[in-house]
Every structure is written in C-alpha cells, then in structure tokens.
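Numbering (the working numbering), first residue to last: 26 to 340.
What follows is a short report on a single structure.
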Ligand SMILES: NC(=O)c1ccc[n+]([C@@H]2O[C@H](COP(=O)([O-])OP(=O)(O)OC[C@H]3O[C@@H](n4cnc5c(N)ncnc54)[C@H](OP(=O)(O)O)[C@@H]3O)[C@@H](O)[C@H]2O)c1
C-alpha cells in the first residue's frame with residue numbers, strides 16, 4: 026500500500042510516497058481503508074522540526090492524524106464495529122502510523138461511526154480540532170451568556186468548532202479573523218467580528234473574561250492586557266517551559282494562563298457527533314486528490330484557509 030513519509034525535516038518537498046505492507050490488525054484494533062485524511066498544523070510543525078522535543082529526530086516519519094474510511098477487518102476483541110462500517114478516527118502516533126496512507130490499523134477505541142449526514146471529508150475534519158475545541162471549552166469553566174470571550178484566529182478548523190460550541194452556551198463571542206473569514210465567524214456564532222488586517226484588538230478598551238489565541242501570534246504577556254481581573258488566557262500552542270511557567274504564574278496572579286492540550290477520547294467525540302447531528306457545521310475548504318498531496322500541504326500551510334483542508338486517498 027502507499028503511504029506518505031519523510032526522511033528529514035523540511036518543507037512539503039521532503040514528503041514522498043513509500044510502498045509498504047498493509048498493517049496487520051491486533052485484537053483490539055480495526056483495519057481501515059482510508060478514504061480521506063485532513064491536514065492539521067501539527068503535521069507541518071513536526072515536519073519542519075519545530076516540535077523536536079516531542080517528535081525526536083528519528084526517521085522515517087509518517088504524517089496525518091485524522092482519517093475517515095471503511096472498516097476492512099476487525100480484531101478478535103472488537104465487537105462494536107464490523108467490516109463495511111463507515112467510520113472516522115484518529116491514529117495514536119502520527120509519526121509511526123500516519124493517517125496519510127491507504128490503510129491504517131488503529132485501536133478501536135479511537136474509531137467512531139461516521140454520522141450519516143456528513144461526508145468522509147467532513148468526518149476526517151473532526152477529531153483533532155474538534156476535541157481540542159471541546160478541551161478548550163472545558164478549561165474555560167462555567168460559560169454563561171454573560172461570559173465575554175475573545176477568540177483570536179477564529180476561522181481555522183479549531184475556531185470553527187470552538188465558535189459553534191460557544192454559541193451553544195450563548196456566550197458573548199468576539200472573533201478575530203481575516204477579511205474573508207468574517208462572514209464565517211458570524212455564521213458560526215460570533216456576536217462581534219474584528220478584522221485583524223484593519224483593526225488592532227489591543228487598541229480597543231474592551232476587556233474579556235476569556236481570551237483564547239488560535240493564531241499562535243498572541244503571547245500570554247500580551248493577551249492578559251485584554252483580560253478582566255480574574256480572566257483567563259488560553260494557550261493552545263504551549264512550549265514545554267510555558268507549561269511549567271503557567272503553573273507558577275497562576276499561584277501569584279488573578280489573570281490565569283491556562284494550557285490546552287487535547288487528547289481525543291470517545292467521551293469527547295460522542296459530544297461532537299451529537300453536536301454534528303444537531304447541526305454543527307463542518308466547512309471543508311478544499312479537497313485534494315492523493316496525487317496532489319504536496320500541493321495540499323502547501324495550500325494548508327500558507328494560511329488563509331477557512332475550515333479544513335482534506336486529501337482524498339481511496340475514492
Ligand atoms: N492544544 C491542542 O491540543 C491543539 C490541537 C489542535 C490545534 N492546536 C493549535 O491550535 C491553533 C489553531 O489551529 P487551526 O487548525 O485552527 O489553525 P489554522 O487553521 O492555522 O488557524 C489559525 C487562524 O489564525 C488566523 N490568524 C492568522 N494571523 C492572525 C493574526 N495576526 N491575528 C489573528 N488571527 C490570525 C488565521 O486566519 P487567516 O488564515 O485567514 O489569516 C486562522 O483563522 C494552531 O496553532 C494549532 O497548532 C492545538
């Protein structure tokens with residue numbers, strides 16, 4: 026079978042197709058014929074060597090976390106899935122068993138039935154950013170209609186889920202996005218939109234209960250200037266040192282620095298499936314055919330993508 030791999034850190038040019046044998050299935054696993062996988066920013070952050078502490082420097086590495094496809098084979102200990110089921114899921118270690126392959130063997134605990142109303146491209150867009158958005162929501166604590174929340178960088182995959190989950194809580198949402206993202210941010214639940222190419226969020230006098238940065242461009246040091254007393258800044262891209270620093274910081278200041286690290290689980294995914302069945306929208310910006318995988322990564326990496334970028338592997 027074909028899979029995408031790389032042997033050195035670098036741009037999307039280091040990616041290439043490798044031929045390898047179809048993975049065999051352990052008792053607790055299912056073999057999936059992958060139809061679609063989605064691209065997440067951690068794919069290229071790892072590939073560019075920006076997360077070496079976590080990724081290490083061993084090669085070859087694979088890539089891709091989220092997938093959707095058809096169950097091809099079921100391990101002897103799995104009874105909630107069967108051959109032919111339409112499913113979506115996430116691999117445990119994307120560098121070893123990347124989802125950008127024709128087949129993946131995955132623990133059945135990380136595979137869920139695809140809601141009938143959504144496409145394989147939409148389903149492959151859910152796990153990483155959907156569960157990250159739910160984790161962020163949980164870290165925000167008790168959100169009420171009185172809660173004012175600033176989502177900085179609101180129209181990528183993470184923001185798309187977060188805005189809609191916050192809207193379910195009737196929170197008062199301000200969303201920072203590029204000009205072309207503004208209409209989407211409104212559609213997904215923002216009460217107020219701020220175009221970062223025209224306005225500087227720091228030049229306003231508004232203070233928020235929660236500020237979450239999804240752009241990777243706002244530090245806690247800056248973000249806390251936008252917080253009310255006892256407000257929280259959520260950091261979704263923490264450096265290891267920031268994780269430790271945030272613990273100390275929170276002992277001594279009323280403006281909390283909270284780290285969000287998601288780990289997709291069945292409990293969270295079931296909440297997302299329920300939200301999807303109740304109308305949560307999943308915007309797939311573009312679907313690339315497998316033979317254009319490098320273009321897909323380039324497109325996703327250059328920014329300006331509303332929602333998710335997906336690659337179709339087995340039609
Ligand atoms: N902690 C976790 O478990 C976890 C899980 C998943 C993702 N993440 C991280 O969460 C972040 C968001 O993920 P994503 O998939 O949604 O990424 P994304 O698609 O790259 O979204 C980033 C957003 O930030 C916007 N942006 C760019 N420059 C900005 C600026 N100067 N001011 C305000 N907004 C700006 C972008 O808008 P334009 O593109 O239109 O310019 C885009 O909407 C990423 O850094 C990702 O690594 C963390």
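In this text, a Cβ means the ideal position worked out from N, Cα and C, and glycines have one as well.
### Query
Got a sec, what are the start and stop residues for the alpha helix (DSSP H) residue 313 sits in?
Where residue 313 is concerned, there is no enclosing alpha helix (DSSP H), although the beta strand (DSSP E) it sits in stretches over 309-314.
### Query
Would a C-beta distance cut-off of 8 Å place residue 288 and residue 59 closer than the cut-off?
no
### Query
Whose CA, out of 150, 140, 50, lies closest to the CA of residue 341?
This structure cannot settle anything about residue 341, because the visible part of the chain is limited to 26 through 340.
### Query
Any idea what DSSP makes of residue 114, helix, strand or coil?
DSSP places residue 114 in strand when its eight states are reduced to three.
#### Entry: the region 61-74 touching the region 98-109, judged by at least three CB pairs closer than 8 Å
no
### Task
Consult DSSP for residue 213 and reduce its assignment to one of helix, strand or coil.
Here residue 213 sits in coil by DSSP.
### Message
Within 8 Å, do at least three Cβ pairs link the region 271-289 to the region 250-261?
### Response
yes
### Task
Determine the extent of the alpha helix (DSSP H) in which residue 71 is found, giving its start and end residues.
For residue 71, the enclosing alpha helix (DSSP H) begins and ends at 66-72.
### Task
Out of 311, 320, 323, point me to the one whose CA is closest to residue 334's CA.
311
### Task
Please confirm whether any heavy atom of ligand 1 lies closer than 7 Å to the CB of residue 318.
Every heavy atom of ligand 1 is 7 Å or more from the Cβ of residue 318, so no.
### Cβ-heavy atom distance, residue 66 to ligand 1, below 7 Å
yes
### Query
At which residues does the beta strand (DSSP E) containing residue 254 begin and terminate?
252-260
### Query
Where does residue 199 land, buried or exposed, given buried means 16+ other C-beta within 10 angstroms?
buried
### Message
Between which two residues does the alpha helix (DSSP H) holding residue 301 run?
### Response
Per DSSP, residue 301 belongs to the alpha helix (DSSP H) from 291-302.
### Query
Taking 7 Å as the line, does the beta carbon of residue 296 fall inside it for any heavy atom of ligand 1?
no
### Message
Check this for me: beta carbons of residue 114 and residue 99, under 8 Å apart or not?
### Response
no
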